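Structure, as structure tokens:
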Amino acid sequence: MFNGKTVLITGGTGSFGKAFIGRLLKNWAPKRVIVYSRDEFKQYEMAQTFDHHCMRYFIGDVRDGERLSMAMKGVDFVIHAAALKQVPAAEYNPMECIKTNVDGAYNVIRASIANDVDRVIALSTDKAANPVNLYGATKLCSDKLFTAANNLVGDGKTRFAVVRYGNVIGSRGSVIPFFKKLVEDGATEIPITHEGMTRFWITLDQGVEFVVKAFQRMGRGEVFVPKIPSAKVVDIAEAIAPGLPHKIVGIRPGEKLHEVMCPADDSLRTVEFDDHYVIIPSIPFDGSCNYLKNPLGEVGSMVPLGFEYNSGTNDVFLSPEAISKICLL
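In terms of the working numbering, the numbers along the sequence shown are unbroken and rise by one, the last being 1136.
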């Protein structure tokens, strides 16, 4: 679907951007691939690996709507991955997080509509469901903006949807590389925020595949949620540092004990498919979408009233042995 097309990724020098572009260049022949981000050194480093003739590197911040609109000229597909994501940093610097995650999202929407982009996928997080921290609240606001953007298009062709998933195994800033670094540095104990804490986990390759599928599945305004396993933080610590004692250090500001991706309050609008869920938009759009059957012909059914997709009550948990194998990949 990307052959001969132009794709732009905001925050494209991040873990997702690199993995997605690697997959894109391997499996398709895009016309152009635009990395839009604000760090020139990261772009320089990335260009040493991705030096294909179709690659373009645009310095710019999603806070800058004019620059975004310029970068999106002739673009067919947009993945919005740029965000400020560190929970404690967002609690301490709330307005900076809002400027990037909320104002930046609106700038992406306006630039996409102005340039008649075909499809836009915004990457979200489990922290946007029933948020208790500022980062999650800004991403929920972003999700709502992208859903409602489908009503701003008018006669244009642009369509917007959201992909929401949990922690990405091995991504920058996640707990696995943090634990590994402690072990490398000779730590004698592993800090654990809470012995009962759980998280959803997805590999980078699974995240990329799910976004590709979301472009094929999307109608208008869906929130796509993959079915993925949970893991206990204590099991992750045991997998990375077997036998090393744990030290309980307490939950950080804004953290939850368990994460949610499909809240119970949304159960009236949640559709279950074989390998994912779809949260149907709460507002109507011009033109009907059949949210129970997507363009790939996959058929879903409504979940039971009160259903909640929670990392603590998930059907599938990774064992320390399974986590160890994944970390070796």
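Positions of the beta carbon are idealized from the N, C-alpha and C atoms, including for glycine.
Only a predicted model underlies this, so the values are computations on that prediction, with no experimental measurement involved.
Nearest residue (CA-CA) to residue i, options the options
{"i": "Ile1035", "options": "Lys988, Leu1125 and Val924", "result": "Leu1125"}
{"i": "Ala1129", "options": "Pro938, Asp1042 and Ala878", "result": "Asp1042"}
{"i": "Glu852", "options": "Trp835, Asn834, Lys825 and Ala878", "result": "Lys825"}
{"i": "His1001", "options": "Arg966, Ala1044 and Lys964", "result": "Ala1044"}
{"i": "Lys787", "options": "Gly872, Leu930 and Gly1014", "result": "The displayed coordinates of the chain run from 808 to 1136. Any statement about residue 787 would go beyond what the structure contains."}
{"i": "Ile1087", "options": "Asp1093, Phe953 and Tyr1098", "result": "Tyr1098"}
{"i": "Asp1093", "options": "Cys1069, Ala889, Pro1111 and Leu959", "result": "Leu959"}
{"i": "Pro1111", "options": "Val915, Arg845 and Cys1069", "result": "Cys1069"}
{"i": "Ser1037", "options": "Leu1064, Tyr942 and Leu1103", "result": "Leu1064"}
Residue j beta carbon less than 8 Å from that of residue i
{"i": "Val882", "j": "Thr817", "result": "no"}
{"i": "His887", "j": "Ala854", "result": "no"}
{"i": "Lys1039", "j": "Thr1005", "result": "yes"}
{"i": "Gly863", "j": "Ile841", "result": "The sequence given here places Arg at residue 863; Gly does not occur at that position. Against a cut-off of 8 Å, the Cβ pair of Ile841 and Arg863 comes out as a contact."}
{"i": "Ser949", "j": "Asn908", "result": "yes"}
{"i": "Leu815", "j": "Met879", "result": "yes"}
{"i": "Ser931", "j": "Lys951", "result": "no"}
{"i": "Phe1017", "j": "Val1078", "result": "no"}
{"i": "Arg1024", "j": "Asn957", "result": "no"}
{"i": "Gly933", "j": "Lys964", "result": "In the sequence under discussion, the amino acid at residue 933 is Asp, which differs from the Gly named in the question. Their beta carbons are not under 8 Å apart, which means Asp933 does not touch Lys964 by this criterion."}
Rounded C-alpha distance that separates residue i from residue j
{"i": "Arg1027", "j": "Gly867", "result": "28 Å"}
{"i": "Lys838", "j": "Asn810", "result": "7 Å"}
{"i": "Glu1066", "j": "Gly993", "result": "31 Å"}
{"i": "Gly1119", "j": "Pro998", "result": "20 Å"}
{"i": "Val1032", "j": "Tyr1084", "result": "5 Å"}
{"i": "Val1019", "j": "Glu991", "result": "36 Å"}
{"i": "Asp925", "j": "Gly821", "result": "23 Å"}
{"i": "Phe848", "j": "Asp858", "result": "15 Å"}
{"i": "Tyr843", "j": "Ala935", "result": "24 Å"}
{"i": "Thr813", "j": "Glu996", "result": "48 Å"}
{"i": "Ile1116", "j": "His860", "result": "In the sequence as presented, Ile is not what sits at residue 1116; that position holds Tyr. Their Cα atoms are separated by approximately 43 Å."}
{"i": "Ala918", "j": "Leu989", "result": "43 Å"}
{"i": "Asn834", "j": "Leu891", "result": "30 Å"}
{"i": "Met808", "j": "Val885", "result": "13 Å"}
{"i": "Leu831", "j": "Gly1003", "result": "39 Å"}
{"i": "Pro938", "j": "Val927", "result": "24 Å"}
{"i": "Pro1127", "j": "Ile983", "result": "12 Å"}
{"i": "Phe985", "j": "Ala1048", "result": "11 Å"}
Cβ separation of residue i and residue j, assumed to be a contact under 8 Å, to the nearest whole Å
{"i": "Cys1134", "j": "Ala1071", "result": "The Cβ separation is near 33 Å, so there is no contact."}
{"i": "Ala1021", "j": "Ala955", "result": "Wrong, their Cβ atoms sit about 18 Å apart, outside the cutoff."}
{"i": "Ser1089", "j": "Phe1114", "result": "Wrong, their Cβ atoms sit about 16 Å apart, outside the cutoff."}
{"i": "Phe865", "j": "Ile916", "result": "Actually they do not touch by this definition, with Cβ atoms about 18 Å apart."}
heavy atom of the ligand ATP below 7 Å from residue i C-beta
{"i": "Glu1045", "result": "Absent from the structure shown: the ligand ATP. Ligands present: none."}
Q) Is the segment 959-978 touching the segment 1005-1019 in the sense that three or more CB pairs, one from each, lie closer than 8 Å? A) yes
(Q) Assess contact between the segment 887-905 and the segment 1055-1070, defined as three or more Cβ pairs (one per stretch) separated by less than 8 Å. Is contact present? (A) yes
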